[in-house]
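Peer 1: Protein chains in written order, with our numbering: chain A, 5 to 134; chain B, 2 to 120.
If you want it as structure tokens, here you go:
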């Protein structure tokens, strides 16, 4: 089955951990992930600046490793990210901000990517939200 | 055939960016001519309340942006009857032409769409 996975909750929320575990289980079960899309507070999971305490789960680091290892299409909504201070080098320069915190493998793009992923998937799985 | 998507908007317009971000999903999909519906549920029905003055909170007027939905081809607009009643909102005062649905109709509505996203 083809899944599109959308994450709306911040990195510390239980639903964000469930999203990662679902994504890992989907691939382990032989399914396909069309795209990961991070929206609303979900953009914080893509931040390279999260520092988790040593004895706690570092979810952003796990996402980063998972996305890189599986070479997944991982999109962070640009409007949601700018509003929350999650910027790649290009946007940091464009808006003259002092730092970039969105290194590869993440890509910044628009909401059209969510719709395209949903259209190309058998299931749209959403984590977080209200 | 394109998959249909129902966007369920559950947050008041003054409760952070959720209401606007739900609307943005609808407008983005409308720009691609996708079959979309939008349901205002729970505190989301406050987005339809008349006479709001968001300027008092240094906020933009979401109601003005909601008016763009039909122009973007998003004409399937719904509000939950029970949510309106609980909040003392009369259906004939709302700022957007929505179909007001009772709980049984809500279940049928959600069932009718291929995909659902709730913000």
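We put the beta carbon where it would ideally sit given N, CA and C, even for glycine.
Because the structure is a prediction, the values reported are computed rather than measured.
State the Cα-Cα distance for the pair residue 3 of chain B and residue 121 of chain A, rounded to the nearest angstrom.
Peer 2: Those two C-alpha atoms are separated by around 12 Å.
Peer 1: Pick out whichever of B:26, B:116, B:107 has its Cα sitting closest to the Cα of residue 70 of chain B.
Peer 2: Here the closest residue by C-alpha is B:26.
Peer 1: By how many angstroms is the C-alpha of residue 89 of chain A removed from the C-alpha of residue 96 of chain A?
Peer 2: Straight-line Cα distance between these residues: approximately 9 Å.
Peer 1: Exposed or buried, which one is residue 39 of chain A when buried takes at least 16 other CB atoms within 10 Å?
Peer 2: It counts as buried.
Peer 1: Give a yes or no on whether 8 Å exceeds the smallest Cβ distance from residue 91 of chain A to chain B.
Peer 2: Chain B, which has no Cβ nearer than 8 Å to the Cβ of residue 91 of chain A, makes this no.
Peer 1: Just how far apart, CA to CA, sit residue 77 of chain B and residue 46 of chain B?
Peer 2: If you take the alpha carbons of residue 77 of chain B and residue 46 of chain B, they lie about 15 Å apart.
Peer 1: So, residue 147 of chain A versus residue 111 of chain A, is the Cβ gap smaller than 8 Å?
Peer 2: Because chain A here runs from 5 to 134, residue 147 of chain A falls outside it and cannot be looked at.
Peer 1: Count Cβ pairs between the stretch 94 to 101 of chain B and the stretch 48 to 68 of chain B that sit closer than 8 Å; are there 3 or more?
Peer 2: Result yes; three or more Cβ-Cβ pairs closer than 8 Å.
Peer 1: When you compare each of A:87, A:109, A:93, A:10 to residue 66 of chain A by their alpha carbons, which one comes out closest?
Peer 2: Minimum Cα distance to residue 66 of chain A is reached at A:109.
Peer 1: Examine chain B for any beta-carbon lying closer than 8 Å to the beta-carbon of residue 112 of chain A, and answer yes or no.
Peer 2: Chain B, which has no Cβ nearer than 8 Å to the Cβ of residue 112 of chain A, makes this no.
Peer 1: Is the distance from the Cβ of residue 11 of chain B to the Cβ of residue 42 of chain B below 8 Å?
Peer 2: Cβ atoms of residue 11 of chain B and residue 42 of chain B: closer than 8 Å.
Peer 1: Identify the contact partners of residue 18 of chain B in chain A, using a Cβ-Cβ distance below 7 Å as the criterion.
Peer 2: Here the neighbours are 87.
Peer 1: Quick one: which residues of the stretch 35 to 58 of chain A get their C-beta closer than 8 Å to a C-beta of chain B? List them in chain order.
Peer 2: Per Cβ criterion, the list reads 43, 44.
Peer 1: For residue 48 of chain B and residue 59 of chain A, I'd like the C-alpha separation in whole angstroms.
Peer 2: Roughly 43 Å between the two C-alpha positions.
Peer 1: Hey, residue 38 of chain B and residue 79 of chain B: beta-carbon distance below 8 Å or not?
Peer 2: Yes, Cβ-Cβ distance for residue 38 of chain B and residue 79 of chain B is below 8 Å.
Peer 1: Is it buried or exposed for residue 2 of chain A, if we count other Cβ within 10 angstroms and need 16 for buried?
Peer 2: The structure shown does not extend to residue 2 of chain A, since chain A is modelled only from 5 through 134, so no value can be given for it.
Peer 1: Taking 8 Å as the CB-CB limit, is residue 56 of chain B close to chain A?
Peer 2: Judged by the 8 Å Cβ criterion, residue 56 of chain B is not in contact with chain A.
Peer 1: State the DSSP-derived secondary structure class of residue 66 of chain A, mapped to helix, strand or coil.
Peer 2: Note: residue 66 of chain A maps to helix in three-state DSSP.
Peer 1: So that I know if they touch, is there some Cβ in chain B lying closer than 8 Å to that of residue 61 of chain A?
Peer 2: Output row for residue 61 of chain A: interface = no.
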